[in-house]
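For reference, the structure is listed below as structure tokens.
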Amino acid sequence: MPELPEVETTRRGIAPHILGQRVQAVQVRDPRLRWPVPADLQEQLVGQQVEAVDRRGKYILVRFQSGHLLVHLGMSGRLRVLPGPGVPPDRHDHYDIVFVSGATLRYTDPRRFGTCLWLAGEPGAHWLLRGLGPEPLDAGFDGAHLHRSGAGRRVAVKNLLMNAQVVVGVGNIYANEALYRAGIDPRRAAGRIARARYDRLADAVKAVLAEAIEQGGTTLRDYYRGDGSPGFFALHLGVYGRQGERCRVCGDAVRQVVVGQRSTYYCPSCQR
DNA sequence: ACTGGATCCTGACTGC
DNA sequence: TGCAGTCAGGATCCAG
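Heads up: the first sequence begins at 438 in our numbering, then just goes up one per residue.
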């Protein structure tokens, strides 16, 4: 569910409320996520202050003196700060981190595809973070990088974009949107795209992600910001979920196909 | 080394 | 109204 803009919006939403706060208690009601929530999480966190709230791809990293809390929202995860303790948990509210001030960081995840792990030491060395590609909004991500990554490969360019080893944070929605803006057919083999077109694609990825962050992410069903408000980028979507509707550029009907087992949307006239 | 498919789990929606 | 089937924003693992 949440892609980079939704994770970044979440990070920005919670950071001011937990920065500098000291952990009083950790309550894990259901440790069953993608990997079990560590049984000793409370021991690790109690008494420590939040030093930073960072993001790497779709991972949120909460920095403490002795390590990092690594959080991934999976498909249906949500992280928010409750103003005080004692708010009764709902069915899928799997864990709380309660601060001395009373503020409570609460994780909710109906589908339980999310992650909550404790990382002692250098986070970049962790197996989940090692090998990740560049951040799409950093200078290290550009057309040359995409062109290199796709060289000689037959995989559809949309799957290349969604491969976290190539570039992080781009999921199904924004892969569709970036390819639409760049005028590239999502099914086209990654190795058969010219460098100039990859330049355009890299620019489109940066633009679509930056705009989505400005709009607070895309709310389709169950994604909401830390304060409960929806993101408004759905209003700007060019093709995602618009099958049968008119392309805003040429008026042709948007088509839906399956690429890499994921719903894929494109304009047959604008994208080649 | 690449690639596509199966898989984890629950909820919302669709069609009969 | 009920029920079965389908689909979903992610990412790992495995077989070919």
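By construction, the Cβ of each residue, glycine as well, lies at the ideal position given by its N, Cα and C atoms.
List the endpoints of the continuous alpha helix (DSSP H) containing residue i.
{"i": "Ala489", "result": "Run containing Ala489: none in the alpha helix (DSSP H); it sits in the beta strand (DSSP E), 489-493."}
{"i": "Gly628", "result": "No alpha helix (DSSP H) contains Gly628, which DSSP labels as neither H nor E."}
{"i": "Arg448", "result": "441-455"}
{"i": "Ser586", "result": "580-587"}
{"i": "Val465", "result": "Segment 460-465 is the beta strand (DSSP E) holding Val465; no alpha helix (DSSP H) there."}
Three-state secondary structure (DSSP) at residue i?
{"i": "Thr656", "result": "coil"}
{"i": "Leu507", "result": "strand"}
{"i": "Ala540", "result": "coil"}
{"i": "His673", "result": "helix"}
{"i": "Gln481", "result": "helix"}
{"i": "Leu498", "result": "strand"}
Confirm, please, whether the CB-CB distance from residue j to residue i is below 8 Å.
{"i": "Arg624", "j": "Val696", "result": "yes"}
{"i": "Lys595", "j": "Ala619", "result": "no"}
{"i": "Pro571", "j": "Gly580", "result": "no"}
{"i": "Phe501", "j": "Leu478", "result": "no"}
{"i": "Pro560", "j": "Leu638", "result": "no"}
{"i": "Ala671", "j": "Pro442", "result": "no"}
{"i": "Gln486", "j": "Gly457", "result": "yes"}
{"i": "Gln693", "j": "Thr701", "result": "yes"}
Excluding the five sequence neighbours on either side, which residues of its own chain have a C-beta within less than 7 Å of the C-beta of residue i, listed in chain order?
{"i": "Arg543", "result": "Arg517, Leu519, Asp530, Asp533"}
{"i": "Ile610", "result": "Glu440, Thr655, Tyr677"}
What does the Cβ neighbour count give for residue i, buried or exposed, with the cut at 16 atoms within 10 Å?
{"i": "Gly523", "result": "exposed"}
{"i": "Arg493", "result": "buried"}
{"i": "Leu597", "result": "buried"}
{"i": "Glu488", "result": "exposed"}
{"i": "Gly521", "result": "exposed"}
{"i": "Cys704", "result": "buried"}
Tell me which same chain residues have a C-beta within less than 8 Å of the C-beta of residue i, skipping the five on either side of it?
{"i": "Gln461", "result": "Val483, Val535, Phe536, Val537"}
{"i": "Gly558", "result": "Gly504"}
Please work out which residues of its chain come closer than 6 Å, Cβ to Cβ, to residue i, disregarding the five sequence neighbours upstream and downstream, and give them in chain order.
{"i": "Thr545", "result": "Arg515, His529, Asp530"}
Let's see if you can read the secondary structure: which residues bound the beta strand (DSSP E) around residue i?
{"i": "Val686", "result": "Counting along the chain, Val686 falls outside any beta strand (DSSP E), and DSSP gives it neither H nor E."}
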